[in-house]
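Have a look at the structure below before the remarks.
Residue numbers (the numbering used here): 2 to 565.
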């Protein structure tokens, strides 16, 4: 009997190692291999042959010799830093007002303040032109009432404004959480000693939450320097690194040059991470109490009403482009006039005539990629939580890299990895599924980790002791308990894949055009109605997915968006 039990244990271990080994193999083939190949290719003159004759720095020399490359590099840095600056100027005061004052409608501010974060930024990008362009609605009113014309929204101003209003919630939400968790007695002690409110904020409150501010600023910077859609729509001749990557791939199919630009983009992200860690380490303090004691609330009436107006204004301004998308989708013309000329459902009728293929493609690709990501992400999260081994952080980092890296860099890596060599998938639907699944697998990976960490390992041990094979235990015991996390992650992965642009724009072919590519093409051809009808569908799809995932996961949902 004892020998039979040991034999079952050996079979269980063998099955476990085989299944989980396959998951790790997929991780190496579809993430580690493409990323390593794009790094290698950026130092090669041509082809894939690694030799002394083929090694070169010419792909990087453009940043020294080309005015276009130099300006794109400077533009990218400028966009990143200014988006961080303005996001902090908006997000930090909002967090303080909501956490530390008696502003009304706090739940509303927190809910609506999250929406710009989850809505596709490029969908509302062109709305800034409709609102603030030369023929825009707001410019129309300003001209009629005051004779004022705002500066041209195209170029740096439009790109920075659009990205800031999409990404400031990172700073707002992280700072808000830190303010709630910080020890209120430190501030009280400072005021008892005679410090003014402003001095307390400057010398006590801000240093207490600096780590969260830096974390939010880092995410804003990473998203801003890797964004393709907004600069493509609003940039005009204001080029950034992601648009240069796009030109190299679509215009010349020069993956070596595109890889070099991608590496510079990644280097920016890496330096930002190192800088944030340095700042956080320098200012690290044990200030989070871990208690449920409420944050100290200011009773100032002035702060209350100033905070209310400020928060409401920021939220309204940030959601205005997406509201414009929804309203415009029901009109047949609205530009240069005070009101929409005619409301109808014509745009929705048209998209189901002219955009059926992109809709069908998006549904197929997003569904397939989500299913693959659900299987692989679940197995990898099981490895991380249940298997104790050295270097688990390497597994975690590798899985999360596609979430950390700019989407267009991930697209270049996948295209470089599978456009030559043993496996050639460029131009097929499979390469898009690969790009989609590794880009969104981190959502399912994190959500299933959150669920699995709540499951007592004794439940699985009991099944094993009873003689059940590992696969049976996993399928009948572990998997049903993990189901809420898998479902929540899959819902978010699917909905965000429907709105994925940065990776798609590199990998798609004419036969496999998606909704997001169709939207961009309609916008470029001034076909606003169908573009906004598709955009409205995306907006409500994402909102519904986030609502459903939040109902399933609750507070554990925040664990899905940790970077590492």
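Think of the CB as a built atom: it goes at the ideal place given N, C-alpha and C, for glycine as much as any other residue.
The structure displayed is predicted, hence computed values, not measured ones.
Sequence-distant residues of its chain with Cβ nearer than 7 Å to residue i (five each side left out)
{"i": "residue 393", "result": "385"}
{"i": "residue 94", "result": "311"}
{"i": "residue 515", "result": "359, 362, 363, 366, 505 and 509"}
{"i": "residue 524", "result": "127, 234 and 532"}
{"i": "residue 140", "result": "133, 134, 150 and 151"}
{"i": "residue 210", "result": "176, 179, 180 and 183"}
{"i": "residue 305", "result": "102, 103 and 104"}
{"i": "residue 309", "result": "104 and 105"}
{"i": "residue 144", "result": "150"}
Contact set for residue i: own chain, Cβ-Cβ below 6 Å, skip 5 residues either direction
{"i": "residue 259", "result": "246, 249, 250 and 413"}
{"i": "residue 34", "result": "418"}
{"i": "residue 134", "result": "154"}
{"i": "residue 46", "result": "55 and 57"}
{"i": "residue 420", "result": "427"}
{"i": "residue 435", "result": "31 and 415"}
{"i": "residue 206", "result": "none"}
Cβ neighbour criterion (16 or more within 10 Å) applied to residue i
{"i": "residue 488", "result": "buried"}
{"i": "residue 333", "result": "exposed"}
{"i": "residue 147", "result": "exposed"}
{"i": "residue 395", "result": "exposed"}
{"i": "residue 279", "result": "exposed"}
{"i": "residue 105", "result": "exposed"}
{"i": "residue 548", "result": "exposed"}
{"i": "residue 117", "result": "buried"}
{"i": "residue 264", "result": "buried"}
{"i": "residue 174", "result": "buried"}
{"i": "residue 224", "result": "buried"}
{"i": "residue 526", "result": "exposed"}
{"i": "residue 512", "result": "exposed"}
{"i": "residue 462", "result": "exposed"}
{"i": "residue 353", "result": "exposed"}
{"i": "residue 10", "result": "In this prediction, residue 10 scores a pLDDT of 49, lower than 50, which makes its location untrustworthy; no coordinate-derived value is stated."}
{"i": "residue 377", "result": "buried"}
Distance between beta carbons of residue j and residue i, contact taken as under 8 Å
{"i": "residue 32", "j": "residue 402", "result": "6 Å"}
{"i": "residue 244", "j": "residue 236", "result": "7 Å"}
{"i": "residue 177", "j": "residue 273", "result": "Actually they do not touch by this definition, with Cβ atoms about 22 Å apart."}
{"i": "residue 151", "j": "residue 316", "result": "Contact doesn't hold; Cβ gap of about 21 Å is too wide."}
{"i": "residue 37", "j": "residue 257", "result": "Going by Cβ atoms, the distance from residue 37 to residue 257 rounds to 15 Å, so no, they are not a contact pair."}
{"i": "residue 399", "j": "residue 91", "result": "Not really, about 34 Å apart at Cβ, beyond 8 Å."}
Residue range of the unbroken alpha helix (DSSP H) whose run includes residue i
{"i": "residue 179", "result": "157-182"}
{"i": "residue 37", "result": "34-42"}
{"i": "residue 57", "result": "Where residue 57 is concerned, there is no enclosing alpha helix (DSSP H), given that its DSSP letter is neither H nor E."}
{"i": "residue 233", "result": "230-235"}
{"i": "residue 88", "result": "68-101"}
{"i": "residue 136", "result": "That residue, residue 136, is in no alpha helix (DSSP H); it is neither H nor E in DSSP."}
{"i": "residue 118", "result": "107-119"}
{"i": "residue 326", "result": "302-329"}
{"i": "residue 406", "result": "From DSSP, residue 406 is part of no alpha helix (DSSP H); its letter is neither H nor E."}
{"i": "residue 425", "result": "Careful: residue 425 lies outside any alpha helix (DSSP H) and carries neither H nor E."}
Span separating the alpha-carbon of residue i from that of residue j
{"i": "residue 441", "j": "residue 502", "result": "13 Å"}
{"i": "residue 107", "j": "residue 491", "result": "30 Å"}
{"i": "residue 154", "j": "residue 23", "result": "50 Å"}
{"i": "residue 83", "j": "residue 168", "result": "12 Å"}
{"i": "residue 499", "j": "residue 307", "result": "39 Å"}
{"i": "residue 158", "j": "residue 327", "result": "24 Å"}
{"i": "residue 98", "j": "residue 468", "result": "58 Å"}
{"i": "residue 323", "j": "residue 232", "result": "17 Å"}
{"i": "residue 445", "j": "residue 532", "result": "30 Å"}
{"i": "residue 541", "j": "residue 234", "result": "22 Å"}
{"i": "residue 539", "j": "residue 530", "result": "14 Å"}
{"i": "residue 85", "j": "residue 219", "result": "8 Å"}
{"i": "residue 1", "j": "residue 123", "result": "Residue 1 lies beyond the range of the chain shown here (2 to 565); nothing can be said about it."}
{"i": "residue 222", "j": "residue 75", "result": "14 Å"}
{"i": "residue 215", "j": "residue 171", "result": "10 Å"}
{"i": "residue 120", "j": "residue 493", "result": "12 Å"}
{"i": "residue 25", "j": "residue 458", "result": "22 Å"}
{"i": "residue 424", "j": "residue 497", "result": "28 Å"}
{"i": "residue 81", "j": "residue 156", "result": "15 Å"}
{"i": "residue 474", "j": "residue 466", "result": "10 Å"}
{"i": "residue 470", "j": "residue 479", "result": "13 Å"}
{"i": "residue 238", "j": "residue 69", "result": "10 Å"}
{"i": "residue 537", "j": "residue 87", "result": "27 Å"}
{"i": "residue 129", "j": "residue 313", "result": "19 Å"}
Sequence-distant residues of the same chain with beta carbon closer than 8 Å to residue i, five excluded per side
{"i": "residue 267", "result": "406, 407 and 410"}
{"i": "residue 346", "result": "331"}
{"i": "residue 72", "result": "240"}
{"i": "residue 78", "result": "226 and 269"}
Minimum Cβ-Cβ distance from residue i to chain B less than 8 Å
{"i": "residue 227", "result": "This model lacks chain B altogether; it includes just one protein chain."}
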